[in-house]
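**Student:** If you count the sequence shown from 1, position 608 lands on 608 in the UniProt record's numbering, and the numbers rise without skipping.
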Amino acid sequence: MPSALGSPCQDSQQQQSLDVPAAQQAAFSAPWEGFVANCQCHDAVAAVHGLITRLLGEQHAQLFSLALVPCTSKAPHGHFTVWVQDAIVHVSGTSGVQLASGVHWFLKYFARCSISWELTGGVQVDAAHLSAASLAAMQARGSVTVERAVPLSFYQNVVTMSYSMAFWEWDRWEAELDWMALQGINLPLMPLGMEALQAATFAGLGLSAEQLQDFFPGPAFLAWGRMGNIQGYGGPLPAAYMQKQLQLARRVVGRMRELGMTPVYPAFAGFVPRALAALYPDAAITPASNWCHFPDAYACPYLLAPDDPLFARIGAAYITTLRAELGWDASSYYIADTFNEMKPASDSADYLAGISRSVYAGMTGADANAVWVMQAWLFFSDSRFWQPPQIQALLSGVRCGRLLLLDLFAEEHPIWSRTACLFGHPFIWCMLHNFGGNLEMYGALPAVASGVAAALDAAQGGMVGVGMAPEGIEQNPAVYEFMAEMAFKGRAAAAAAPGGLGAWFAEYAQRRYAGAGGLPASTSAALQGAWQLLARSVYSCSDKLHNTVCDVPTSRPGLARAEIMGWGLAPHLWYNVGEVRAAWELLLQAAAGCPRLAGCSSAFVYDLLDVSRELLSKIAGRFWADAVDAYKAGNLAGLRASGSALLALLGDMDELLASHRAFLLGPVLQRARNYAASSGGNAAVAATVAVSDGAGAAVEDANSRVLHKSSSLASTDSGGSAESASTAVGPAAVVQAADGAEQQQRLAALYEWNMRTQLTIWGTSAVAGDSEVSDYANKEWSGLISSFYLPRWQAWLARLEQDLLQGRQYDAAAWRLEVLMMTYRWISSGSTSSGGSSMQPEPMAVDSAAGGVGVLTFTADAVPAAAAELALAPVGDAVQLSNRAYERYGRLLAPGCSATAATAAAAVAAAAAGLAAAAAVPAGAPAGTMVAAAAAAAVVVGAAGAAAAAAAAAASGPLPAAIDAAKA
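Spelled out as structure tokens, the structure:
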């Protein structure tokens, strides 16, 4: 009998679940060895055809013929083959994901089309490249077969859901699943709906809904609740949210299975509500260690000792509940992190091995073939504790082949290379890349290519996959497209070879703006040059610094980094700004030479603004440093000049970024608020969660409140009860009507509070009420700059100005209190459409007896006030605004213009040589031949202009010494 929440197959788009006994009996001793075979369980051809239709439309979808084929001994991890015959594009592949990867390969390398996230450019297709004439020309190229180098491609970080996906509807999830399949992802994280399943599991143990209210965090902070860092913060979590997430989970899991993906579900890691300790007084339950000094109300969730018998009982009950709702997969993967950024109670080998043994036993109690997926982040984040003996001890508790490690930050700090390939346990080489969803043009792509190639050579089969594990997505699309290709045989080695990165970006630049159609030769050359410069500057970081964005615009103001508790005032500058300035100029030249480029290609507008934003952000560091120097020297005129320049730059940034939807705050807050309206309509706020524990007890949960706000969600009793189910543990929800309009508004306020808080102060702390993670999730977005960052800088500059006028000392403690109050006012300022979203500081009085002039330069009226309503759609001409910014600030990046011409010319020549060499490769050559030829040619030609370019770049130099001082 299905669980009381309904059959997991009740959605028409959900495929019938696999029969668990048959699936588990067919499991391999090492699950990834048979991964491809296990992914052929559904009608993958129909699923991928649906993907193509959504991507290209029905007319172009009819051009594709798809076929599933078995694996071969030559390509045991899977492959796809692409060829064109009689104006039909044929793609064969060993799974749905491989078919989608083959379609993507055709679009990229045959039809020169580009697919990225919608906000970062979306679908860029030149219809002329899919015409009968173009297809006939492609037929002469013969077939191309691409083999996987490793069986697994993992996707997501455990916090991606909270930073980027907390309020996604089905349409956005469907688009993401399509993107994942095109990139070859076959092992995605799937945390949707887990809180509803946990609530049902705890209810089965006797806990009421009221006893869970201080346990689950709010929607934007769920990831840290799952890892035991915090509890209750931003909540209580509404029942309507839990129910909707579970409904989405059914659809998402169904589509994953159709495409041949195997979900990775969160498992029970030992964290339990406080009330469980009172209900089970004999259980070994103790507070976990404190994370980031959160106050007691939100810190130290209780941790159930893994060797306590109750641990295995809860772990098995949870997985039973999960599988009853979402069905079984041919292979079972569960992720659990008991010590994420928290220290174990002991470093003894017996203790650590016992912990992992018991955690895994909690999984196998309900799923004998479970594979535990563990992030290796803890071994990096607390490397003092996790020395090789401790790492080996923890891993030894699970037999080899049943523990799969995610080497999460391998592009900068690989764990496998310092632990004898993780002591024999299989691992996935992951690129972390992004922290907090920050915006920074950043990549360590040479390290990615060489790192993957080295691990494949040295790990002797221990490396079983590659992964993309960003904390936030929808940024730097080139980086993720590049990383996805590392799963294919030969791609890492080719990109790591001399000239390989440039050759890859030459191809990328050819297809990136396909939506604009055929481009003039001069425009194409400018675009090629721009991307060659970006490839060897922003995307070739090699300093191994933790790239959490701490640039000045989004930083809490202060005289020095040491003054602020959060993240900021530490600009990371690893590239020669002369090269990036030259790329900016080339993009503007391309726009001037071909006006339709910006009009027809959202990707071009995004890239132009991203380059502009990147450099303006670095320039802000110079103005801040100059203002600090002037203040310390008692130079009032200098302070006013530098401070005014900083505020003007922030105003220009806000106006510039308002011209593309990817950089708008308004739609983000609107999406959060709209999530309340779609949670079952006007009536979906009270829910009854019924759990069958033999008696079919009903648990009511309808309380929600807004943390740190004066209003709270009223409790609502729901009188219904759910029918009992025959399964041992199975959740069900019955939605009740309860003053729908008012409740919906309160839910919307709670969801918006979650987003505003995450973007700004993030957390709270027992230390002076401040937050150690303030500004960690900063975003350079229009609306956020004008209504939050700019007024914050303005208030700080006003304080410095008053200090000099009155002859008083700088008071860091008073400023901290002032900025905290400003932040909370902004967080609580409400709707995206009801005004009041600005947090302009109050004008500060001046003591004329102390030398004041009666009016301060940095008052609320001194800069444009933030808009009463946050824009929900782009405003302004991006090219004109970028041109204006370049004219105003470009000279500050590279004194003299000698760098631009020489650097750009060398990049354009190298790119052109590479493309010409690739075009000369005969039809039917192996897939890697083009890349190798292009790379070799680019190296030769690039070397000829290297001396001139280097000399010019040296003349431009990095930003002035002020920003170097700011970094310190």
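Built from N, CA and C at the ideal position, the CB exists for glycine as well.
1) Just curious, the beta strand (DSSP E) that Gly50 is in, first and last residue?
2) Helix, strand or coil: how does DSSP classify Cys600 here?
3) Whole-angstrom Cβ separation of Pro263 and Asp329, contact assumed at under 8 Å?
4) Taking just the CA atoms, how far does Ser332 sit from residue 990?
5) With respect to the beta strand (DSSP E) encompassing Cys430, which residues constitute its N-terminal and C-terminal limits?
6) How about the segment 279-299 and the segment 307-316: do they share at least three Cβ pairs that are nearer than 8 Å?
7) Check each candidate in Val611, Ser659, Tyr155 and Gly96 and name the one with the smallest Cα separation from Glu440.
8) For Gly228 and Ile415, what's the separation of their Cα atoms in angstroms?
9) Hey, Thr764 and Thr823: beta-carbon distance below 8 Å or not?
10) With 16 other CB atoms within 10 Å as the buried threshold, where does Cys430 fall?
11) What residue range is occupied by the uninterrupted beta strand (DSSP E) comprising Pro287?
12) Is the beta carbon of Leu533 less than 8 Å from the beta carbon of Glu579?
13) Cutting at 6 Å between CB atoms, please list the residues of its own chain near Ala67, excluding the five before and the five after it.
14) To which residues does DSSP link Arg148 through a beta bridge?
15) Rounded to the nearest angstrom, what separates Ala275 and Leu587 at their Cα positions?
16) Buried or exposed, going by whether 16 or more other CB atoms sit within 10 Å of the CB of Cys400?
17) For the segment 552-571 against the segment 443-453, do three or more pairs of beta-carbon atoms, one drawn from each stretch, fall closer than 8 Å, so that the two count as touching?
18) Which stretch, first to last residue, makes up the alpha helix (DSSP H) that contains Val879?
19) Just curious, the alpha helix (DSSP H) that Thr321 is in, first and last residue?
20) From this set, Phe488, Ala603, His433 and Ala506, which residue's C-alpha is nearest Gly541's C-alpha?
21) Looking at the structure shown, is Gly93 part of a helix, part of a strand, or coil, going by DSSP?
22) Any idea what DSSP makes of His129, helix, strand or coil?
23) Of the choices Val253, Ala240 and Glu174, whose alpha-carbon is the least far from that of Leu187?
24) Tell me the DSSP secondary structure of Pro219 in three-state form.
25) For the putative contact between Trp567 and Asp775, defined by C-beta atoms under 8 Å, what is the C-beta separation to the nearest angstrom?
26) How is the beta strand (DSSP E) around Phe64 delimited, first residue to last?
27) Are the beta-carbon atoms belonging to Met256 and Met190 less than 8 Å from one another?
28) Beta carbon of Ser164, beta carbon of Leu222: below 8 Å?
29) Three or more C-beta pairs closer than 8 Å, one from the segment 448-468 and one from the segment 116-132: is that the case here?
30) Measure the Cβ-Cβ separation of Phe488 and Val146 and say whether it is below 8 Å.
31) Within 10 angstroms of its Cβ, does Ser73 collect 16 or more other Cβ (buried), or is it exposed?
32) Per DSSP, what kind of secondary structure is Ala444 in: helix, strand or coil?
33) Are Asp607 and Trp574 closer than 8 Å when you measure CB to CB?
34) Taking its Cβ as the centre, do 16 or more other Cβ atoms sit within 10 Å of Ala22, making it buried, or is it exposed?
35) How would you write the range of the alpha helix (DSSP H) that Trp753 sits in, first residue to last?
36) Which value, in whole angstroms, describes the spacing of the CA atoms of Ala570 and Val628?
**Tutor:** Looking at the atomic coordinates:
1) Taken as a continuous stretch (DSSP letters only), Gly50 belongs to no beta strand (DSSP E), being part of the alpha helix (DSSP H) at Ala44 to Leu56.
2) helix
3) 7 Å
4) With the chain covering only 1 through 968, there is no way to say anything about residue 990.
5) Phe427 to Met431
6) yes
7) Val611
8) 23 Å
9) no
10) buried
11) Ile285 to Pro287
12) yes
13) Ser92
14) Phe488
15) 59 Å
16) exposed
17) no
18) Ala878 to Leu893
19) Pro309 to Leu326
20) The sequence as given places Cys at residue 541; Gly does not occur at that position. For the residues Phe488, Ala603, His433 and Ala506, the minimum Cα distance to Cys541 belongs to His433.
21) strand
22) helix
23) Val253
24) helix
25) 5 Å
26) Phe64 to Leu68
27) yes
28) no
29) no
30) yes
31) exposed
32) strand
33) no
34) Bear in mind that a pLDDT of 36 at Ala22, under 50, signals an unreliable position, so the number given afterwards is only what the model happens to contain. Exposed, since its Cβ has fewer than 16 Cβ neighbours within 10 Å.
35) Gly740 to Leu759
36) 14 Å
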